[in-house]
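Student: Just dropping this structure here.
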Amino acid sequence: MTLSTAANQKLASVTSRASKAASRRGFTLLEMMLVVMIIGILATVVVVSFGGKADTVKRTNTVSRLGQIKGELVQYYMQFGSYPASIDVLMTLRPPALEKLPKDGWDRLFNYAYPGSSNDANHPYDLYSNGKDNQPGTEDDTDVWNLDGTTPTNR
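At position 38 of the sequence shown the residue is numbered 55 (our numbering), and the sequence of numbers has no breaks.
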């Protein structure tokens with residue numbers, strides 16, 4: 018056997034092994050479909066798990082903002098002896114109590130009225146969000162006097 022014949026055989030052997038390895042490197046269609054199905058199932062589980070959380074977060078955000086506005090209204094009352102006729106007044110103070118008109122978790126302005134509709138000295142003003150459905154007087158409304166979600170105030 019000559020040197021060139023041995024080299025050719027060795028080259029053929031290496032080429033054969035390389036082509037076999039190259040053919041084994043790829044994924045079959047079945048493997049790819051299996052991976053896509055698993056990803057789809059996981060995505061479905063994630064969406065279902067977190068799907069109902071958005072409304073809870075929006076309500077929590079609304080409750081937090083109502084509490085902040087209530088605090089600013091108390092500060093205003095302590096300084097001026099009465100509540101403002103509108104929330105806009107809180108932006109005109111120096112320094113402003115509010116930088117901009119606050120919105121609820123659904124990106125809508127809060128409803129404010131002074132004097133309030135309850136004729137209760139403990140609830141001198143109305144401050145509430147119409148909630149997800151944006152309809153006043155429904156069960157999803159959030160009232161500043163019932164931030165824990167119990168018994169909504171009649172308006």
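For glycine and all other residues, C-beta sits at the position ideal for the given N, C-alpha and C.
For Y131, tell me which candidate among Y145, D124, T45, W123 has the shortest Cα-Cα distance.
Tutor: Comparing Cα-Cα distances from Y131 to each of Y145, D124, T45, W123, the minimum goes to Y145.
Student: Please go through the segment 66-120 and give each complete alpha helix (DSSP H) segment of 4 or more residues, from N-terminal end onward.
Tutor: Segments of the alpha helix (DSSP H) lying fully in the segment 66-120: 70-97, 106-109.
Student: Give me, in chain order, the residues of the same chain whose beta-carbon lies closer than 8 Å to that of F127; leave out the 5 immediate sequence neighbours on both sides.
Tutor: Closer than 8 Å at Cβ, skipping near neighbours: R82, L83, I86, I104, P119, K120, D121, L144, Y145, S146.
Student: Can you tell which of D150, Y129, P113, L46 has the C-alpha that lies nearest to the C-alpha of D160?
Tutor: Per the Cα distances, Y129.
Student: On the criterion of 16 or more Cβ atoms from any shown chain inside 10 Å, does A114 qualify as buried, or is it exposed?
Tutor: It is buried - the Cβ of A114 has at least 16 other Cβ atoms within 10 Å.
Student: Does the distance from the CB of Y93 to the CB of L107 come in under 8 Å?
Tutor: For Y93 and L107, yes; Cβs fall inside 8 Å.
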